[in-house]
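Read through the structure below, which is laid out as structure tokens, and then see the notes.
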Amino acid sequence: MPNLSPVPDSAAHLAVSRAAIARHAAVEVLPYGAITRGQQGALLSDMEGMAPFVAGFSDDGHGVQTDDMMREAMKRAAALNLPIVAHCEDNALLCGGSVSDGYARAHGMPGISNESEWRQIERDIALVRETSCRYHVCHISTAEGVELVRRAKREGLPVTCEVTPHHLLLCEDDITEPDGRFKMNPPLRARTDRAALVAGLLDGTIDCIATDHAPHAADEKAGGLTRSAFGVVGLETAYAASLAALGDDAQETLLRALGERARAVLGRAWRTGDWVLLDPAAREMVRPERFASMGRSTPFDGMTLTGQVSVTLRDGNIIWRHPAADGRMRI
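Heads up: the sequence shown begins at 54 in our numbering, then just goes up one per residue.
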């Protein structure tokens with residue numbers, strides 16, 4: 054995602070990200086270019102200059118606020134045959150909130166309404182009709198948003214969307230304490246929204262699962278629900294948390310949503326040497342101090358989940374093995 058320094062809004066700025074990927078990435082990493090310069094929403098980025106090197110364009114973390122800006126972005130992305138990948142959030146409807154409306158009302162806090170998400174999805178789908186741009190909704194979280202995408206697909210529009218494991222498994226009722234590990238954007242919504250997300254993934258309205266992995270430093274997450282940074286880590290718990298949300302009977306749907314359907318959204322072919330070996334029966338307590346990620350803030354802290362990534366292979370080579378996998382499988 055382009056929430057980096059420097060923001061990848063030109064070929065020169067993107068080169069910094071690409072160099073870091075070349076030096077450090079153990080797996081395939083496909084960058085996004087920013088939709089607007091500096092993700093500020095005022096001027097479009099150099100989309101043409103970045104096009105050969107990116108998977109699409111996104112201002113993730115920020116909604117594109119004006120219709121004209123998004124319309125022009127879609128026209129240019131369509132000409133480049135690349136998707137617009139949208140964080141859907143209408144700033145005029147945020148009202149300073151950091152949690153969902155329901156939790157906020159119960160605790161005397163300003164809340165984030167469902168409308169702040171679905172209004173932008175509705176607007177953007179209308180712009181897709183004008184521009185024929187491929188359009189992908191990041192981390193969809195509302196029942197209304199899912200229904201808008203469902204209708205767009207029935208209409209034959211090139212619209213896709215993703216959901217996070219934490220929105221599949223948790224809702225606002227699961228916020229057990231006013232801790233930063235429960236603060237993410239979009240927030241955990243109502244129980245009815247969670248049910249709509251699960252149903253949407255199972256019926257194919259939601260194309261894939263994406264983690265929205267946000268590895269903030271400990272001090273950035275130490276300010277509770279009001280002062281902490283938005284975002285939680287999600288990579289290392291993605292399979293187990295999603296399995297807990299969907300159940301064993303949906304194992305095939307889950308694997309497709311984490312794998313081939315995610316690649317299909319970006320128009321990427323499967324890499325034959327890249328594999329993840331899973332143990333769907335392994336049970337493990339989530340202990341953030343054991344994460345490989347530098348981020349430790351997870352809403353699953355202390356939960357016991359079933360399902361484990363045992364081995365990861367890249368180009369046929371083992372690049373990671375879970376300590377518990379030793380003795381259970383031979384490769």
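Glycine is no exception: its CB is placed at the ideal position from the N, C-alpha and C atoms.
Reference residue i; option with closest CA among the options
{"i": "residue 233", "options": "272, 343, 324", "result": "272"}
{"i": "residue 252", "options": "230, 221, 240, 110", "result": "221"}
{"i": "residue 155", "options": "224, 204, 100", "result": "224"}
{"i": "residue 100", "options": "137, 113, 299, 74", "result": "137"}
{"i": "residue 337", "options": "181, 369, 302, 356", "result": "356"}
{"i": "residue 144", "options": "119, 288, 321", "result": "119"}
{"i": "residue 105", "options": "269, 368, 133", "result": "133"}
{"i": "residue 58", "options": "189, 92, 331", "result": "92"}
{"i": "residue 334", "options": "351, 324, 358, 353", "result": "358"}
{"i": "residue 306", "options": "324, 254, 276, 264", "result": "254"}
{"i": "residue 300", "options": "321, 244, 218, 179", "result": "218"}
{"i": "residue 372", "options": "79, 71, 64", "result": "79"}
{"i": "residue 286", "options": "331, 350, 158", "result": "350"}
{"i": "residue 362", "options": "171, 332, 354, 352", "result": "332"}
{"i": "residue 95", "options": "116, 81, 85", "result": "116"}
{"i": "residue 170", "options": "368, 56, 321, 240", "result": "240"}
{"i": "residue 264", "options": "176, 182, 310", "result": "310"}
{"i": "residue 322", "options": "130, 81, 153, 229", "result": "81"}
{"i": "residue 71", "options": "89, 90, 56, 107", "result": "107"}
{"i": "residue 205", "options": "230, 250, 178, 76", "result": "178"}
{"i": "residue 182", "options": "131, 76, 153, 89", "result": "131"}
{"i": "residue 354", "options": "228, 256, 75, 158", "result": "228"}
{"i": "residue 114", "options": "368, 135, 213, 85", "result": "85"}
Cβ pair residue i, residue j closer than 8 Å
{"i": "residue 296", "j": "residue 328", "result": "no"}
{"i": "residue 121", "j": "residue 87", "result": "no"}
{"i": "residue 165", "j": "residue 147", "result": "yes"}
{"i": "residue 109", "j": "residue 308", "result": "no"}
{"i": "residue 139", "j": "residue 69", "result": "no"}
{"i": "residue 360", "j": "residue 293", "result": "yes"}
{"i": "residue 238", "j": "residue 198", "result": "no"}
{"i": "residue 269", "j": "residue 288", "result": "no"}
{"i": "residue 345", "j": "residue 364", "result": "no"}
{"i": "residue 262", "j": "residue 291", "result": "yes"}
{"i": "residue 125", "j": "residue 97", "result": "yes"}
{"i": "residue 244", "j": "residue 226", "result": "yes"}
Anticipated Cβ contact below 8 Å, residue i with residue j, distance rounded
{"i": "residue 192", "j": "residue 168", "result": "Residue 192 to residue 168, Cβ: 17 Å. No contact."}
{"i": "residue 279", "j": "residue 194", "result": "Wrong, their Cβ atoms sit about 20 Å apart, outside the cutoff."}
{"i": "residue 211", "j": "residue 187", "result": "5 Å"}
{"i": "residue 123", "j": "residue 180", "result": "6 Å"}
{"i": "residue 196", "j": "residue 246", "result": "5 Å"}
{"i": "residue 235", "j": "residue 352", "result": "5 Å"}
{"i": "residue 276", "j": "residue 231", "result": "About 10 Å separates the two Cβ atoms, so there is no contact after all."}
Burial state of residue i, where buried means 16 or more other Cβ atoms lie within 10 Å
{"i": "residue 103", "result": "buried"}
{"i": "residue 60", "result": "buried"}
{"i": "residue 370", "result": "exposed"}
{"i": "residue 347", "result": "exposed"}
{"i": "residue 161", "result": "exposed"}
{"i": "residue 248", "result": "exposed"}
{"i": "residue 376", "result": "exposed"}
{"i": "residue 185", "result": "exposed"}
{"i": "residue 325", "result": "exposed"}
{"i": "residue 298", "result": "buried"}
{"i": "residue 208", "result": "exposed"}
{"i": "residue 83", "result": "exposed"}
{"i": "residue 66", "result": "buried"}
{"i": "residue 172", "result": "buried"}
{"i": "residue 62", "result": "buried"}
{"i": "residue 176", "result": "buried"}
{"i": "residue 76", "result": "exposed"}
{"i": "residue 157", "result": "buried"}
Residue-level contact to chain B via CB, residue i, 8 Å cutoff
{"i": "residue 106", "result": "Going by chain labels, chain B is absent from the structure shown, which holds only one protein chain."}
inquiry  = For the pair the stretch 338-351 and the stretch 303-315, tell me if three or more CB-CB distances fall below 8 Å.
reply    = no
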